[in-house]
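>
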Amino acid sequence: MATFFVKAVSNAEKQRDLLASELQQVRDTSETAALMAETRFAKEMQTLTLQKEGEVRDLKAQLEASGMQTKLAITEALSGVEKERNELRNNLSQRELKHQLDTQSMKKRYELQIHDRDQAIERLRDMKARLSTKMVGETLEQHCETEFNRIRAAAFPRAYFEKDNDARSGSKGDYIFRDNDEAENEIISIMFEMKNEADSTATKKKNEDFLKELDKDRREKACEYAVLVSLLEPESELYNSGIVDVSHRFAKTYVIRPQFFIPFITLLRNAALKSLEYKAELALVKAQSIDVTNFENDLESFKTAFSRNYELASRRFQTAIDEIDKSIDHLQKTKDALLGADRNLRLANDKAQDVSVKKLTRRNPTMAQKFADLQDQDFT
51 MATFFVKAVS NAEKQRDLLA SELQQVRDTS ETAALMAETR FAKEMQTLTL
101 QKEGEVRDLK AQLEASGMQT KLAITEALSG VEKERNELRN NLSQRELKHQ
151 LDTQSMKKRY ELQIHDRDQA IERLRDMKAR LSTKMVGETL EQHCETEFNR
201 IRAAAFPRAY FEKDNDARSG SKGDYIFRDN DEAENEIISI MFEMKNEADS
251 TATKKKNEDF LKELDKDRRE KACEYAVLVS LLEPESELYN SGIVDVSHRF
301 AKTYVIRPQF FIPFITLLRN AALKSLEYKA ELALVKAQSI DVTNFENDLE
351 SFKTAFSRNY ELASRRFQTA IDEIDKSIDH LQKTKDALLG ADRNLRLAND
401 KAQDVSVKKL TRRNPTMAQK FADLQDQDFT
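Structure (structure tokens):
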């Protein structure tokens, strides 16, 4: 980290010196231009004065040699010449004043930039001094752990952030971060690797050298993200610019400077929480869709079963109707037969009522004698 701030201060000082040099050039150019303008103005005024004085002398000579009318004409001409001279003088003065204002504005602008750059240099020097003091006897890993524990209770009360001590696969990362919700469901997991290189290191390492192993550790420890916290390549504009996404090489892998350690964890955790919300909403929508689908399926099953039962009932009802019609037809025939028998019985009854002794004995003398004997016995 010391190398990083040394380079930053050196670059800032170089830019400040460059601005100071440019400001001095502007000052020199402005002073030269002002001196040239004053010299040119003096020469022009001297030439104009000599010219006008000659014209005045000529006019005075003509005035002395002329009458009153000539004097008036010469006076008017002299007044016009003096007016033109005054206008020219005013124009030159305004041009000089504008040039001076532009020069002062440019000077103030450069001085303000130099002042801002000096303040930035002082801030970097102060930060370098404080970090140098802070990092004495402290590794980058310890620094990150201290920063995390400082805000753990407030920002990550249910989080796990511990050293990766499991080397059964042959390698291990530095730290594993996991965070859970209130229901103990995992929200996010990150495999961290911290890399710091001393100024005396003979062979300078690159961030790229550690990404493959970090990705392997991430997958073996079932972490969602991999993050390399690195002070390597201190002069790299890419890594000094902020969070670097290297997911095009290794899935969900990032390289950050130590100052982005806590902000990046917070960023990933908040994104994961938002993703959980979307997943919950999607699950609810799917559940609702399934409920509607089940309802529609149940309704279709009911309609199918009802239709089948209705058809069966309809066929049986029609069969019963047909049987009833047959029974009615049979009963009608029975009724007609009974009505025919009734007519025959009535005729038989009528004939039975019409039978008399005289009719029975009319052609039977024996029976006639029998009935006569019976009547005689009744009288005696």
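All residue numbers for the sequence shown refer to my numbering, where the first residue is 51 and numbers rise by one.
For each residue, glycine too, the CB sits at the ideal point set by N, CA and C.
Below 8 Å, can you find three or more Cβ-Cβ pairs linking the segment 256-276 to the segment 294-303?
Touching, per the Cβ criterion.
> I need the straight-line Cα distance from Lys266 to Ser239, nearest angstrom please.
Cα-Cα distance, rounded: 15 Å.
> How big is the Cα-Cα spacing for Thr183 and His149?
Residue placement at Thr183 cannot be trusted, given a pLDDT of 41 that sits under 50; what the coordinates show is reported in the next sentence. Distance between the alpha carbons of Thr183 and His149: 51 Å.
> Under 8 Å Cβ to Cβ from Val296, same chain only, skipping five residues before and after it: list those, please.
Correct list, in chain order: Leu261, Thr303, Tyr304 and Val305.
> My output table needs one value for Ser325: the three-state DSSP class, helix, strand or coil.
Residue state, collapsed to three classes: helix.
> Which full runs of the beta strand (DSSP E) of 3+ residues lie inside the segment 202-265, going along the chain?
List check, beta strand (DSSP E) in window: 209-213, 225-230 and 236-245.
> On the three-state DSSP scale, how would you describe Leu282?
Three-state result, Leu282: coil.
> Going by C-alpha to C-alpha distance, which of Ser280, Glu270 and Glu236 sits closest to Glu243?
Closest option to Glu243, Cα to Cα, is Ser280.
> Alpha carbon to alpha carbon, how far is Asp379 from Leu362? Give it in angstroms, no decimals.
For Leu362 and Asp379, the distance between alpha carbons rounds to 25 Å.
> With distances taken from CA atoms, which of Lys64, Phe311, Glu195 and Asp229 is nearest Phe206?
Of Lys64, Phe311, Glu195 and Asp229, the residue nearest in Cα terms is Asp229.
> Which residues share a DSSP beta bridge with Asp295?
Bridge partners of Asp295: Tyr304.
> Apply the 10 Å Cβ neighbour rule to Gly390 and answer buried if 16 or more other Cβ atoms are within range, or exposed otherwise.
The residue in question, Gly390, is exposed, as its Cβ has fewer than 16 Cβ neighbours within 10 Å.
> Classify Ala276 as helix, strand or coil using the three-state DSSP reduction.
Here Ala276 sits in strand by DSSP.
> According to the neighbour-count rule (16 or more other Cβ atoms, all chains shown, within 10 Å of its Cβ), is Ile201 buried or exposed?
Classification of Ile201: exposed, given that the 10 Å Cβ count is below 16.
> Is it right to say Ile315 is buried, meaning 16 or more other beta carbons lie within 10 angstroms of its own, or is it exposed?
Buried is the call here.
> Comparing C-alpha positions only, which one of Asn199, Lys110 and Met95 sits nearest to Ser129?
Cα-wise, what sits closest to Ser129 is Lys110.
> Taking C-beta to C-beta, are Phe227 and Ala209 nearer than 8 Å?
Yes, the pair counts as a contact, with Cβ atoms nearer than the cut-off.
> By Cβ distance, which residues of its chain are closer than 8 Å to Leu162, with the 5 residues on each side in sequence left out?
Contacts found: none.
> Out of curiosity, what's the CA-to-CA distance linking Pro313 and Asn199?
Their Cα atoms are separated by approximately 14 Å.
> What three-state label does DSSP hand Lys271 in the structure shown?
Reduced to three states, the DSSP call for Lys271 is coil.
> Would Lys271 and Asp214 be called neighbours here (beta carbons separated by less than 8 Å)?
A contact, by the Cβ cut-off of 8 Å.
> Taking all protein chains shown into account, decide if His298 is buried (16 or more other Cβ within 10 angstroms of its Cβ) or exposed.
Counting Cβ neighbours within 10 Å, His298 comes out exposed, since fewer than 16 surround it.
> Helix, strand or coil, according to DSSP, for Thr416 in the structure here?
DSSP places Thr416 in helix when its eight states are reduced to three.
> Could you tell me the alpha carbon to alpha carbon distance between Leu151 and Ser325, rounded to whole angstroms?
Cα to Cα, the separation comes out at about 58 Å.
> How many Å lie between Ala70 and Thr82 at the Cα?
Taking the straight line from one Cα to the other gives about 18 Å.
> To the nearest angstrom, how far is the alpha carbon of Leu317 from that of Ser351?
Cα to Cα, the separation comes out at about 50 Å.
> Using 8 Å as the threshold, is the C-beta distance between Met241 and Arg268 below it?
Yes.
> Among the candidates Asp423, Gln154 and Leu264, whose CA atom is the shortest distance from the CA of Gly220?
With distances taken between Cα atoms, Gly220 lies closest to Leu264.
> Spatial neighbours of Ile293 within its chain, please: CB distance less than 7 Å, with the 5 preceding and 5 following residues excluded, ordered by chain position.
Only Tyr304, Ile306, Phe310 and Phe314 meet the Cβ criterion.
> Quick check: what's the CA-CA separation for Arg319 versus Gln74?
When rounded, the distance between both Cα atoms is 52 Å.
> Rounded to whole angstroms, what is the Cα-Cα separation between Gln144 and Asn61?
Roughly 42 Å separates the two Cα atoms.
> When you compare only the Cα positions, how much space is there between Arg393 and Glu373?
Rounded to the nearest angstrom, the two C-alpha atoms are 30 Å apart.
> Going by C-alpha to C-alpha distance, which of Gln65, Asp375 and Asp259 sits closest to His165?
The shortest C-alpha separation from His165 is found at Gln65.
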